[in-house]
Amino acid sequence: MKKQYGLILTLLGAFAAISAHADSASYSFTVNTSSLATNYGYIDLELNQGTLLSPPITATITGFATDGTLNPADLTITPAGDFSGTLPGTLTITADTNPDYFEGITFGNRIIFDLTLAGPGVSRSGNAGGTSGTLFQLSFFDSTGSNPVLTTDPSGINSEVSVDATGVPTALSLDPSTKIIPEPSTFVLAVAPLFALVALARRGARA
Numbered sequence: 002m003k004k005q006y007g008l009i010l011t012l013l014g015a016f017a018a019i020s021a022h023a024d025s026a027s028y029s030f031t032v033n034t035s036s037l038a039t040n041y042g043y044i045d046l047e048l049n050q051g052t053l054l055s056p057p058i059t060a061t062i063t064g065f066a067t068d069g070t071l072n073p074a075d076l077t078i079t080p081a082g083d084f085s086g087t088l089p090g091t092l093t094i095t096a097d098t099n100p101d102y103f104e105g106i107t108f109g110n111r112i113i114f115d116l117t118l119a120g121p122g123v124s125r126s127g128n129a130g131g132t133s134g135t136l137f138q139l140s141f142f143d144s145t146g147s148n149p150v151l152t153t154d155p156s157g158i159n160s161e162v163s164v165d166a167t168g169v170p171t172a173l174s175l176d177p178s179t180k181i182i183p184e185p186s187t188f189v190l191a192v193a194p195l196f197a198l199v200a201l202a203r204r205g206a207r208a
């Protein structure tokens, strides 16, 4: 029985160690662009950090796919130091006061991608300890690059994921064209096996 309790204590220690690390939040985006099919326009990605204390956050975009055509020759990245990679490959954005990824695209019927927000500024339990939040925003524009499309919001934003000062993320679609599905966090995936092992250890202790 002592061995069983020793195992439980070890697993609980591992759980505490994982809890001390930064959390993450992942979302799957699906955008219906059929109303713009064959038209040229722009996709705009931003990760805006608050002007007060905001713990670091990075946004990583993976699995980007579209039946349209991106135009890397018509790409503006500002500032370049806040970005790593380009679409449709893995794109990583470091939160800043106004980082902007703006790329031309001939729209097809659909755009899909996965977004993961990670770093000390993300905390599902609200323990990030910041005084201002961070905002990931997705927007689309027509061929002039000035007029927003696929939005019903006065701000021109299509969808966003806001991370408040405490680190809690919230996803919001601002247009019917876009669906955002939350995915299990890396924290949840990491601790689930530990809970299973603790349950098995406790069951063995009672046997």
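Going by this note's numbering, the first residue of the sequence shown is number 2, and it counts up by one from there. Note that beta-carbon positions come from the ideal geometry of N, C-alpha and C, so glycine has one too. Computed from a predicted model, the values in this text were never measured in an experiment.
Check, Outcome
"Only counting the same chain, and skipping five residues up and downstream in sequence, which positions put a Cβ closer than 6 Å to that of T167?", "G127, A129"
"Mind checking who S174 pairs with in its DSSP beta bridge?", "S160"
"At which residues does the beta strand (DSSP E) containing T77 begin and terminate?", "70-79"
"How about the segment 149-159 and the segment 83-90: do they share at least three Cβ pairs that are nearer than 8 Å?", "no"
"Quick check: what's the CA-CA separation for A66 versus G134?", "29 Å"
"Name the residue from T63, L37, D165, T77 whose alpha carbon lies nearest to the alpha carbon of D143.", "L37"
"Could you tell me the distance, in whole angstroms, from the CA atom of E161 to the CA atom of N33?", "16 Å"
"Going by CA-CA distance only, name the one from I113, Q138, R111 that's closest to T98.", "Q138"
"Ordered along the chain, which non-local residues of its own chain (more than five positions away) have a Cβ less than 6 Å from that of A18?", "Low confidence applies here, because A18 scores a pLDDT of 43, under 50, leaving its location unreliable and the question unanswered by this model."
"Thinking just about the alpha-carbon of each residue, which of D75, T31, G69, V169 is nearest to the one in T39?", "G69"
"Distance check for Y43 and P121, CA to CA, integer angstroms please.", "31 Å"
"Residue range of the beta strand (DSSP E) that P183 falls in?", "179-184"
"Just checking my contact of G64 with D115 at CB under 8 Å: how many whole Å lie between their CB atoms?", "5 Å"
"With respect to the beta strand (DSSP E) encompassing G105, which residues constitute its N-terminal and C-terminal limits?", "101-107"
"Strictly by DSSP, which residues pair up with T87?", "Answer is none; T87 lacks a bridge partner."
"Nearest-angstrom Cα distance between S55 and D165?", "9 Å"
"How about D101 and T79: do their beta carbons lie closer than 8 Å?", "yes"
"Take P170 and list the residues in its own chain whose beta-carbon comes closer than 8 Å to its own, dropping the five residues that flank it on each side.", "A26, L118, V123, R125, V162, S163, V164"
"Less than 8 Å between the CB atoms is what I'm expecting for F141 and D45, so what's the real figure, rounded?", "7 Å"
"With H, G and I counted as helix, E and B as strand and the rest as coil, what does DSSP make of L118?", "strand"
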